[in-house]
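My numbering puts the first residue of the sequence shown at 7, with every later residue one more than the last.
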Amino acid sequence: DQVGEARGRLGGPAAEPPASLAHLVTADPAVRAAHAMGKAYRDVVRALRGRPGRIPDLVAHPADEQDVADLLDWAGSRRIAVVPYGGGSSVTGGVEYRGDAHDAVLSLDLTRMGRVLEVDALGRAARIQAGALGPALEAQLRPHGLTLRHFPQSFEFSTLGGWIATRAGGHYATGRTHIDGAVQSLRVVTPAGVSASWRLPASGAGPSPDRLFIGSEGALGVITEAWVRLVARPRHKASASLSFSGFGAALDAVRAVAQSGLRPANCRLLDAGEAALSGVRADGSAVLVLGFESADEPVGGLLERAVALAQAHGGRPGTAAGGGTGSGGDAAVAAWRSAFLRMPYLRDGLARMGAVAETFETAATWDGIPALIEAVRSEVGAAAAKATGYPATVNCRLTHVYPDGAAPYFTVLAAGRPGDEAALWDDLKAVANEVLHRHRATITHHHAVGRDHRPGYDLQRPEPFALALRAVKSALDPRGILNPGVLVD
């Protein structure tokens, strides 16, 4: 595999750290190879084929903020590109270096900085280091009866700093869907100095310094810690599922729930293909999974109101796994929850069998959602069939919903081209990106821009904003060492 091959074929690094930093840095081939790429389908395929791309020359494991600053100072003096690295779960090329404009590449692994440093139980907030992985973060908060309640699909393999740097989406399907709303203040190390924002509940004092770095993907600075807003651990939960004969009626039901003000924690719609693939239902029905939670009071009444809204649009409650119906939605909800955790592993297994199995996501306003979904299904499916000679499957689910729109998430399953699977996926993704742009749908709702989405991001953002972003990049990272190629050149 990628790591095993690395030991035998990697040469020496193109740079060596000074003695003062040597204890933080390793040139071990296996460690370097493990930091060469993320977890996208194309990354899995390249690893299987022994084509990992540019492997970093060195990997650093800073223990504190001063270590980060010292490493950036050294890298800047030696024209070394620095790629911040948390859990390595990027699916958009966010943690790999591409190009040859730098003399060497340093992967900056922050996972040694993984502690909850301080908890404010009165204000329900915590100061947490950026390298804290999801499970460790929650384990440290649990004794306080508090939780960040941010559970992306990559939860066990991703970090707080990565979530903030990529504007990650998480547990909530409505309300606080992204990490943005949880951030109270940030500390960020840049080549120009340390940015430390004040911890405040809110502020109207000009543009927010935190908003500058949330979503900056390591291109403007290295997030080292954050104060984040917490919630009490939920004690009351209720969930149900409903099935629909038609996807259009299901979309109407979801919109009604999203605009009702009920704010369910879970409001995920699976089309017929996705429902079957997930093991939720296999009779051609679309399935809506609803869930509410609260730390303070029972939520059964809220669930009943949401179910009633969905029923008014043709929803049939009580879906059970395998296509039957029962007295409640527990079986369907359990099947969906299992599939949510299982799907990334299924994708990797299919990749090993030579198939194309990948996902992408977007968001658009309600008036454009039906046409957008239909265009993606038909055009990406047709492109895959033309390229491989076999029919392809393009499924859709809504992962997050808003009063004014929704976030469709697509799963593509297609025959592969032996030895050329990554290039095939790149071609299919280009078709998808063109559809998104034509329908004025965002290039990403929660997967981040990285390097793979950069062309679509360049088309989406206004040019004056691009000019401002370049100016910020030049001011904070004048030597251009931070995650080159991400967001801005």
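Glycine is no exception: its CB is placed at the ideal position from the N, C-alpha and C atoms. No experiment lies behind these values; they were computed from the predicted model shown.
Best match in the options for proximity to residue i [C-alpha to C-alpha]
i	options	result
A474	N489, G462 and V494	V494
A132	G151, P376 and D76	G151
R322	L308, A338 and G307	A338
P207	D216, G199, A316 and A33	D216
P141	R358, Q265 and R155	R155
H67	L116, P24, E385 and H184	L116
V293	E440, A340 and V437	A340
N401	A412, Y408 and E380	E380
I61	D106, D426 and L30	D106
V122	W233, G425 and A256	W233
G374	L442, A436, I220 and G491	L442
V492	D289, Y396 and S222	S222
D426	G360, R287, A412 and R485	G360
E280	Y415, R84 and H29	Y415
V418	Y408, L434 and T32	L434
R423	A438, T394, R403 and V437	T394
A413	E385, I449, G93 and T153	I449
A69	H41, H29, D34 and R57	H29
G17	Y351, A36 and S384	A36
P158	A33, G199, L488 and H452	H452
E367	G187, V455 and R148	V455
G404	E385, L378 and S384	Before going further, note that residue 404 is Leu rather than Gly in the sequence given. The residue with the shortest Cα to Cα distance from L404 is L378.
I220	D126, M119, G210 and S203	S203
D126	G306, P468 and V237	V237
G436	E385, L143 and A369	Reading the sequence as shown, one finds Ala at residue 436 and not Gly. With distances taken between Cα atoms, A436 lies closest to E385.
F161	L347, Y103, G355 and W80	L347
A490	R118, P149, P304 and Y103	The sequence as given places Pro at residue 490; Ala does not occur at that position. The candidate whose alpha carbon is nearest that of P490 is Y103.
A278	R148, R383 and L128	R383
Cβ distance (whole Å) where residue i is taken to contact residue j below 8 angstroms
i	j	result
I229	A138	That pair is no contact at about 11 angstroms.
G59	D458	Not really, about 12 angstroms apart at Cβ, beyond 8 angstroms.
V101	M43	7 angstroms
N439	P461	7 angstroms
G56	G167	With a Cβ gap of about 30 angstroms, G56 and G167 do not count as contacting.
A33	P19	5 angstroms
A145	T165	No, A145 and T165 are not in contact; Cβ-Cβ is about 14 angstroms, not under 8 angstroms.
G94	K45	7 angstroms
R205	R130	Actually they do not touch by this definition, with Cβ atoms about 13 angstroms apart.
7 angstroms CB neighbourhood of residue i in its chain, flanking five on each side removed
i	result
A428	R48, V51 and R52
G181	R269
D410	T371 and W372
A431	Sequence inspection shows Trp at residue 431; the Ala mentioned does not correspond to that position. Hits under 7 angstroms: Y47, R48, V362 and E364.
V195	E71, V74, A75, L78, G227, V228 and T230
A316	L248, A259, V263 and L294
S284	L276, A341, W342 and A345
R358	L54
G328	Note that G328 scores a pLDDT of 35, beneath 50, so its modelled location is shaky; the value from the coordinates is reported in the next line. Within the same chain, G328 has close Cβ partners A288.
A21	D63, L64, R84, I86, D109 and A110
G334	Unreliable positioning characterises G334 in this predicted model, as indicated by a pLDDT of 43, which lies under 50. A coordinate reading is not provided.
V9	Residue confidence for V9 is low, a pLDDT of 45 falling below 50, so the modelled location carries little weight and cannot support an answer.
Neighbourhood of residue i by C-beta, 6 angstroms cutoff - its chain only, sequence neighbours within 5 removed
i	result
R241	A301
V398	Residue 398 is actually Ala in this sequence, not Val. Closer than 6 angstroms at the Cβ level, and outside the excluded window around A398, lie G387, A390, A391 and A420.
P197	L78, G82 and D483
T331	Interpretation of T331 is limited by its pLDDT of 38, a score under 50 that renders its predicted location unreliable; the figure taken from the coordinates is listed afterwards. Cβ within range, chain order: G324.
V31	P23, L64 and A66
H184	R173 and G175
W169	I185
Other residues of its chain near residue i: CB distance less than 8 angstroms, five sequence neighbours each side excluded
i	result
G496	There is no way to answer for residue 496, as the model of the chain reaches only from 7 to 495.
L308	A244, L268, P270 and F298
V313	A246, L248, L296, G321 and P323
D464	A472
V478	L218 and L226
H319	F250, A255, A256, D258, A259 and A262
R274	A179, L294, V295, W342, R403, L404 and T405
S26	D76
R485	G82, R85 and P197
Residue i: CB within 8 angstroms of a non-hydrogen atom of the ligand ATP
i	result
R148	No copy of the ligand ATP appears in this structure; indeed no ligand is present at all.
Alpha helix (DSSP H) runs contained entirely in the stretch 284-363, provided each spans 4 or more residues: 306-317 and 336-358
Could you check whether the stretch 187-197 touches the stretch 456-475, counting it as contact only if at least three pairs of C-beta atoms, one from each stretch, sit closer than 8 angstroms? no
Looking at C-beta atoms only, is the number of pairs between the stretch 78-89 and the stretch 99-116 that lie closer than 8 angstroms three or more? yes
Any alpha helix (DSSP H) of 4 or more consecutive residues that is wholly inside the stretch 252-281: 253-264
So within the stretch 47-107, which uninterrupted beta strand (DSSP E) runs reach at least 3 residues, ignoring any that extend past its ends? 64-66 and 86-91
Report the start-end ranges of each alpha helix (DSSP H) in the stretch 145-208 that is 4 residues or longer and not cut off at the edges. 166-172
Counting only runs of 4+ residues fully inside the stretch 413-456, write out the alpha helix (DSSP H) ranges in chain order. 427-444
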